[in-house]
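Undergrad: Quick note on numbering: our numbering labels position 130 of the sequence shown as 154, and the sequence is numbered without any gaps. Following this message is one structure expressed as C-alpha cells.
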Amino acid sequence: MMRWFRRRFSAAYERMLRRQLDAAPTHVAIIQDGNRRYARERGDDAPDGHREGAKTTERVLEWCEELEIEELTLYAFSTENFDRPDGELEPLFDLLESKLHEFADADRVHENGVRIGAIGDLERLPQRVRDAVDYAESRTADYDSLRLNIALAYGGRSELLGAARAVARDVADGDLSPRDVDVDAVEARLAEHTTRDVDLIIRTGGDERTSNFLPWHANGNEAAVYFCAPYWPEFSKVDFLRGLRTYESREQSWQQSRTERAVALLRAVAETELDDAKTVAGRLRTQLPSAGAREVAAELERQRGTESGERAD
Numbered sequence: 025m026m027r028w029f030r031r032r033f034s035a036a037y038e039r040m041l042r043r044q045l046d047a048a049p050t051h052v053a054i055i056q057d058g059n060r061r062y063a064r065e066r067g068d069d070a071p072d073g074h075r076e077g078a079k080t081t082e083r084v085l086e087w088c089e090e091l092e093i094e095e096l097t098l099y100a101f102s103t104e105n106f107d108r109p110d111g112e113l114e115p116l117f118d119l120l121e122s123k124l125h126e127f128a129d130a131d132r133v134h135e136n137g138v139r140i141g142a143i144g145d146l147e148r149l150p151q152r153v154r155d156a157v158d159y160a161e162s163r164t165a166d167y168d169s170l171r172l173n174i175a176l177a178y179g180g181r182s183e184l185l186g187a188a189r190a191v192a193r194d195v196a197d198g199d200l201s202p203r204d205v206d207v208d209a210v211e212a213r214l215a216e217h218t219t220r221d222v223d224l225i226i227r228t229g230g231d232e233r234t235s236n237f238l239p240w241h242a243n244g245n246e247a248a249v250y251f252c253a254p255y256w257p258e259f260s261k262v263d264f265l266r267g268l269r270t271y272e273s274r275e276q277s278w279q280q281s282r283t284e285r286a287v288a289l290l291r292a293v294a295e296t297e298l299d300d301a302k303t304v305a306g307r308l309r310t311q312l313p314s315a316g317a318r319e320v321a322a323e324l325e326r327q328r329g330t331e332s333g334e335r336a337d
C-alpha cells in the first residue's frame, strides 16, 4: 500500500513540477556522481554502480528529448579518474565502449536526430574507446536536433590550457594577429562539440562543487547550479525537473534585475531630456522580456505624466 501511495504521490508531484516550468534551458550539463558509493552501499563492486548509472543516462536523454532541451553535456570520466585501480578502470572503459556503440545504433537516437560527440583529452583513452567515439560521431554527424556531449578524460583547466597554447602557436606561426586574440578566437579553439554556453549544471551525489567542469562555457555564462543528494543511479525525473526549476528561478531573478536597471536608466535620462528617454525606452524594450518591456513602457508614461504636470503648473 505504501509503495503504491509513493508512486502516485511521485507521479502527481512530477506533473506539478512540469506545469510550473515555462521553458527549459537550452544547454544542461550534468556531473554524474555517486556510482561507486551507490554500489558500495549495496555490497556491489564499482562496475555494478557504473552499469546502473548508464541506465540513468539513457533516461535523462529521453527527458531532454521530451522537454526539447537542445544540448546535454555529461561528465562521464575526468582526468583524475585515471588514478583509479585497473580493476575498476578496465570495466569502465568496456562500458563506455559498449554504450557509445549502443547509443550510435539506437533507433531513438536516429529518430530524434541526436548528434553524439566527445570532449576531453581523448588521446589518453584506450584505442577501443577512441574507436567507439569515432563510430558514434560518424554515425550521428548529420543530426542537430539534440547534441549529446560526453566529457571523457576531461579537465576544465586542461581544456583552457590547450586553447591558450593553440592561440600562442597560431600567433607564433603568423596565422593569428595578437590584436585579433579575443573571446571568439579562444572559443574557436575550445571543445569542438560544445556549441552553446551552459545554462544549468546539475551535480548528483551530495557534493556541492562543480569540479572544474566547463569553466569557459558555464562560469562565463553564470550558469545556474543545482546540487542534489541522490547518487547518479537513483537520479529521478523529479530531481531533473527540480534542477530545471532552479534554472528558471535564476532566469526570472536575472530578468527582474535587468528590468530594474533599465527602468533606473530610463528615469535618469528622463530627468534631463524626455525625447532622449523615448529613444532609450524603444531600445530597451527590444532587449527585455515582455514583462520588463511593459515596465519600461509604464515608466516612460509616468515620466510623460510628470512632465505634463510640470508644464501645467
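Positions of the beta carbon are idealized from the N, C-alpha and C atoms, including for glycine.
Is Glu272 buried or exposed, if buried means 16 or more other CB atoms sit within 10 Å of its CB?
TA: Label assigned to Glu272: buried.
Undergrad: Figure out for me which residue from Thr50, Thr164, Ala175, Leu98 has the closest Cα to the Cα of Ala130.
TA: Considering only alpha carbons, the answer is Thr164.
Undergrad: Glu161: beta carbon under 7 angstroms from a heavy atom of the ligand GDP?
TA: Within the structure as shown, the ligand GDP is missing, as the structure has no ligands at all.
Undergrad: In its own chain, which residues sit with a C-beta less than 7 angstroms from the C-beta of Val133, not counting the 5 before and 5 after it?
TA: Taken in chain order, the residues that qualify are Phe127, Thr164.
Undergrad: Is it true that the CB of Ile143 sits closer than 8 angstroms to the CB of Tyr167?
TA: Against a cut-off of 8 angstroms, the Cβ pair of Ile143 and Tyr167 comes out as no contact.
Undergrad: Count the other CB atoms, across all protein chains shown, that sit within 10 Å of the CB of Ser169; report buried if there are 16 or more and exposed otherwise.
TA: Label assigned to Ser169: exposed.
Undergrad: In chain order, what residues of the same chain have a beta carbon less than 6 angstroms from the beta carbon of Ile226, not counting five sequence neighbours either side?
TA: So the list reads Ile54, Tyr250, Gly267, once near-sequence residues are dropped.
Undergrad: So who's on the other strand from Ile226, going by DSSP bridges?
TA: Ile54, Tyr250.
Undergrad: Take the Cβ of Pro71 as the centre, count every other Cβ of all protein chains shown within 10 Å, and call the residue buried at 16 or more, exposed below.
TA: Buried, by the Cβ-count rule.
Undergrad: For Ala142, which three-state DSSP category applies?
TA: Ala142: strand per DSSP, three-state reduction.
Undergrad: Just to confirm the assignment, what range does the alpha helix (DSSP H) spanning Tyr159 have?
TA: Unbroken alpha helix (DSSP H) run through Tyr159: 151-163.
Undergrad: Tell me where the alpha helix (DSSP H) around Leu120 begins and ends.
TA: Counting along the chain, the alpha helix (DSSP H) containing Leu120 begins and ends at 110-129.
Undergrad: Going by DSSP, which residues form a beta bridge with Asn173?
TA: Answer is Thr97, Gly141.
Undergrad: DSSP on Ser182, reduced to helix/strand/coil?
TA: Correct three-state label for Ser182: helix.
Undergrad: Provide the residue span of the alpha helix (DSSP H) that contains Asp208, from first to last.
TA: Here the alpha helix (DSSP H) through Asp208 covers 207-211.
Undergrad: For the stretch 58-74 against the stretch 84-98, do three or more pairs of beta-carbon atoms, one drawn from each stretch, fall closer than 8 angstroms, so that the two count as touching?
TA: Not touching, per the Cβ criterion.
Undergrad: By Cβ distance, which residues of its chain are closer than 6 angstroms to His74, with the 5 residues on each side in sequence left out?
TA: Excluding residues within five positions, the ones whose Cβ falls inside 6 angstroms are Asn59, Leu116, Leu119.
Undergrad: By how many angstroms is the C-alpha of Pro49 removed from the C-alpha of Asn136?
TA: Rounded to the nearest angstrom, the two C-alpha atoms are 18 angstroms apart.
Undergrad: Bridge partners for Ser235 per DSSP, in chain order?
TA: BP columns for Ser235 are empty, so no partner.
Undergrad: Kindly indicate which residue of Ile174, Arg181, Gln151 has the alpha-carbon position closest to the one of Pro239.
TA: With distances taken between Cα atoms, Pro239 lies closest to Arg181.
Undergrad: Tell me, to the nearest whole angstrom, how far the beta carbon of Ala100 is from that of Leu176; I am working on the premise that it is less than 8 angstroms.
TA: Between Leu176 and Ala100 the Cβ distance is about 6 angstroms, and since that is below 8 angstroms, they are a contact.
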